[in-house]
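A short worksheet on the structure shown next.
2 protein chains.
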Amino acid sequence: MEEGLSIGDVAAATGLSVHALRFFEREGLFLRHIPRSAGGRRVYEAADVEWLLLCNRLRESGMPIATLRRFAGLVRSGPGNERDRLELLREHERDVRARIAELTASLEVIHGKVVTYERHVEHGTAAGLWAPAPSPP
Amino acid sequence: MEEGLSIGDVAAATGLSVHALRFFEREGLFLRHIPRSAGGRRVYEAADVEWLLLCNRLRESGMPIATLRRFAGLVRSGPGNERDRLELLREHERDVRARIAELTASLEVIHGKVVTYERHVEHGTAAGLWAPAPSPP
DNA sequence: CTAAAATCTAGAGTTCGCTCTAGGTCAACC
DNA sequence: GGTTGACCTAGAGCGAACTCTAGATTTTAG
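Here it is in structure tokens:
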């Protein structure tokens, strides 16, 4: 057992499938070319896993692959473009905040419906319910 | 100009495209069969628009079309299944809260990155930045 | 009356983000 | 040394949710 992680190790460590890892590589989402062993297998390092964990955060928070690729490209091309990286991250932060606000607004509507239905189920009050013939939403 | 809204009116009122409205109909997302005019055109009513606005909220908050179809089916089949509707809505509310929590957690990580880059850009501190050769994330 | 705009149906096409298959090679265990 | 299991490449396939096309009809405006 040498230094270096197999694709299976990385999959286990990141929650990504081996298919997804090969896909990420094709998409140019890594910070470096992943070297191969004598037998042609990918050999990863801990830093790759850390990067992938950040990628997971960015993906989970709704960043599209294309944007992630841009960010990876900026990081890959080394120091000097930190302003660009900052701008990209700030924009994503704005998007995430907007998405949270939107979800919170929807949540209030949905919770209102839940409360209405709870009252209906418990007290037989039908006011505010959607129904085809008798009562509306 | 009689009672009844054209598909274009409903598109304008809901923000959905006319294509999407026809698609929604094929998918069984309406609470009733939308009647046609003498010339074969869809004739909607205000209640359809209200339902679509709720659909928009549910869709924006991440409810899949399949679930929306189940909900529409419950409402369509009239009184008697309010417990099922309540359960469906509660489950969705749980999903939305979970999604908000996930986004909030990611937001903290992202905001941390933003702060790190801000410090770097303003003070030349590179600690905590991803870079290929010199400095890691 | 005519030309343009809106609508119709049926079905094909698109985008995103993987996921899976086929047909191998390579490595690890007993 | 053989057989299982992990891995390889290239490329096809998939599910979700629309979106668009084609070709015909209908409505509206001038």
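Going line by line, the protein sequences match chains G and E.
Taken in order, the first sequence gives residues 22 to 158; the numbers are from the numbering used here.
Taken in order, the second sequence gives residues 22 to 158; the numbers are from the numbering used here.
For each residue, glycine too, the CB sits at the ideal point set by N, CA and C.
Which first and last residues belong to the alpha helix (DSSP H) in which residue i is found?
i        : result
E/ARG131 : The amino acid occupying residue 131 of chain E in the given sequence is Ile; Arg does not appear at that position. From DSSP, the alpha helix (DSSP H) with E/ILE131 extends over 103-144.
G/PHE51  : First-last for G/PHE51: undefined, no H or E at that position.
G/GLY29  : 28-35
Which term fits residue i, buried or exposed, when burial requires 16 or more other beta carbons within 10 angstroms of its beta carbon?
i        : result
G/VAL136 : exposed
E/PRO153 : Residue placement at E/PRO153 cannot be trusted, given a pLDDT of 45 that sits under 50; the coordinates are not used to answer.
E/PHE92  : buried
Using beta carbons (cut-off 7 angstroms, strictly below), is residue i in contact with chain E?
i        : result
G/ILE55  : no
G/TYR65  : no
G/PRO153 : Unreliable positioning characterises G/PRO153 in this predicted model, as indicated by a pLDDT of 46, which lies under 50. A coordinate reading is not provided.
G/HIS144 : no
G/GLU24  : no
So is residue i in contact with chain G if we call contact Cβ pairs under 7 angstroms?
i        : result
E/LEU109 : no
E/ILE131 : yes
E/TYR90  : Checking the sequence shown, residue 90 of chain E turns out to be Arg, not Tyr. Chain G contact via Cβ: absent.
E/LEU128 : yes
E/LEU95  : no
Determine the contact status of residue i and residue j, defining contact as a CB-CB distance below 7 angstroms.
i        : j        : result
G/ARG104 : E/VAL64  : no
E/ARG90  : E/GLY49  : yes
E/LEU74  : G/TYR138 : no
G/LEU52  : G/ARG97  : yes
Rounded to the nearest angstrom, what separates residue i and residue j at their Cα positions?
i        : j        : result
E/ASN102 : E/ILE86  : 20 angstroms
G/ARG62  : G/ILE55  : 10 angstroms
G/CYS76  : E/VAL31  : 40 angstroms
G/ALA122 : E/VAL130 : 18 angstroms
E/ARG111 : E/GLY60  : 42 angstroms
E/GLY94  : E/ARG140 : 54 angstroms
E/GLU66  : E/GLY99  : 19 angstroms
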